[in-house]
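**Student:** For the sequence shown, the UniProt record's numbering begins at 1 and goes up steadily by one. Note that beta-carbon positions come from the ideal geometry of N, C-alpha and C, so glycine has one too. What follows is a structure written as structure tokens; I'll ask about it next.
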Amino acid sequence: MCQITPSELAVLINYDTTHEIQFVSVTGGRLVKGRNLRFQHRCNGIAHNLQNLYLTSNTALYVYSMNALHGEFLNKLYEDTSGDYTVHMCAISPKGDKIFVSNLLDHKVLTLSRAGTMLHTFADVYLIGPCNLHVTELGHVLVCGSRSNTILQLDREGKKKLATLDTRSDGLEGPCSVFYNMSTASFIVGLSFSKIHVFKVK
1 MCQITPSELA VLINYDTTHE IQFVSVTGGR LVKGRNLRFQ HRCNGIAHNL
51 QNLYLTSNTA LYVYSMNALH GEFLNKLYED TSGDYTVHMC AISPKGDKIF
101 VSNLLDHKVL TLSRAGTMLH TFADVYLIGP CNLHVTELGH VLVCGSRSNT
151 ILQLDREGKK KLATLDTRSD GLEGPCSVFY NMSTASFIVG LSFSKIHVFK
201 VK
């Protein structure tokens, strides 16, 4: 899922032949279902920037406009059909000029331009099974290594590793999503088997 406005989220539903986005808003402390968008391709990852939705299908990155009621297809920005999970998850830089994509098959993080041009690829021995990504408010890239049990912090270009968090040292395995809360200086990490753990930054 991804945040659309301070009070609205877009939640992916991807199961068998169902490929949808369900918009959910928070009203009076309650979750309220809004409009629903349906797609012909798989929807594995999602990001939002400037009224555009970026969706990954495991082999391609698509962009849709949210201005249309049913979501207007704009472009297929990038595709890699060499195998499955080559275009797994995505995240957008704060300025919207860079798109970060996890290649789960080849254990890489790709940096694309807004137009879908490949800018950089990142790989590291401590990054195995890169799944979800998150871009902080300062533009740093966080990526989960689901099989290496790590979370890596990359620079704003997605080229250089700045830090490695070994979740296994805390007895936690299978990090599959991450979010950095700047106001509380903490990492919120989603783990396998429906668990969530919070790491405070010291």
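#1: Taking the alpha carbon of D170 as the point to measure from, which residue in I151, L119, V11, T184 has its own alpha carbon closest?
#2: Starting from N132, follow the beta strand (DSSP E) in both directions and report where the run begins and ends.
#3: Using beta-carbon positions only, say whether S192 and C176 come within less than 8 Å of one another.
#4: Helix, strand or coil, according to DSSP, for S169 in the structure here?
#5: If you count every other CB in all the chains shown that lies within 10 Å of the CB of T111, and 16 or more means buried, which is it?
#6: With three or more C-beta pairs closer than 8 Å as the rule, is the stretch 129-144 touching the stretch 112-119?
#7: Which residues mark the beginning and the end of the beta strand (DSSP E) in which V24 is found?
**Tutor:** If we stick to the structure as given:
#1: Counting from 1 along the sequence shown, the entry for residue 170 is found at position 170. Out of I151, L119, V11, T184, I151 has the C-alpha closest to the C-alpha of D170.
#2: For the purposes of this step, residue 132 is taken as residue 132 along the sequence shown, with counting starting at 1. Run containing N132: 130-135, per the beta strand (DSSP E) assignment.
#3: Against the sequence shown, residue 192 aligns to sequence position 192. Against the sequence shown, residue 176 aligns to sequence position 176. Yes; because the gap between Cβ atoms is below 8 Å, this pair is in contact.
#4: As a first step, residue 169 is located in the sequence shown; it is residue number 169 there, counting from the start. Of the three classes helix, strand and coil, the one that applies to S169 here is helix, per DSSP.
#5: Working through the sequence shown from its first residue, we reach residue 111 at position 111. Buried: at least 16 other Cβ atoms inside 10 Å.
#6: no
#7: Here residue 24 is taken as the residue at index 24 of the sequence shown, counted from 1. Here the beta strand (DSSP E) through V24 covers 18-27.
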